[in-house]
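Single-structure report; data block below.
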Amino acid sequence: MAKEGTYSKPYVEFDELGLKAIRCTCCGDLIGDRTYSMLPSRTEPGKEAAVLAFRHHSHARQVKIKLSDGSFAEPFFCADCCKEPIDIEKTMEKIKEGWEVELAFAGRQGEIQGFRERLKNLKAVRQEPGA
């Protein structure tokens, strides 16, 4: 049975520092986020510095989806959603939405309409075996 909110939440989040979070493409559960790791300072011996790192949660899974142009996309899902059949049409909508969010974050908002035109006929063909 599909979880509440299926395919309704954005699966990538950006802020001024870059990628902030990844959510399950299907249910929207948090499956990866930015964190800080303390590492020894290179310039000040004996001190530590906070370094940005991205952490994938243990229930994060990538599912390989073959696209109609012969390429592949590997969106993230949680382990629970991987137990159910994946709706590849809705997944493709979320993949395109994520690509647009990435373009906007990169300051390329002016390219989004052309991007939509180029990809309007791109379809998800199938979920690859073993995914």
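In our numbering, the protein residues as written are 1 to 131. Yeah, the Cβ is synthetic: ideal placement off N, Cα and C, and Gly gets one too.
Candidates 30, 6, 120 and 45: closest to residue 55 by CA position: 30
Near residue 42, what residues of its chain come up, given a Cβ to Cβ distance below 7 Å and the 5 sequence neighbours on each side ignored? none
Just list the residues that DSSP pairs residue 15 with in beta bridges. Partner(s): 18.
On the criterion of 16 or more Cβ atoms from any shown chain inside 10 Å, does residue 108 qualify as buried, or is it exposed? Residue 108 is exposed by the Cβ-count criterion.
Per DSSP, the bridge partner or partners of residue 91: Answer is none; residue 91 lacks a bridge partner.
Can you list, in chain order, the residues of its chain whose CB lies under 8 Å from that of residue 75, leaving out five sequence neighbours each side? These residues qualify, in order along the chain: 11, 25, 62, 63, 65, 91, 94, 95 and 98.
My output table needs one value for residue 131: the three-state DSSP class, helix, strand or coil. At residue 131 the pLDDT is 48, less than 50, meaning the model places this residue with poor confidence and gives no usable figure here.
How big is the Cα-Cα spacing for residue 81 and residue 9? 14 Å
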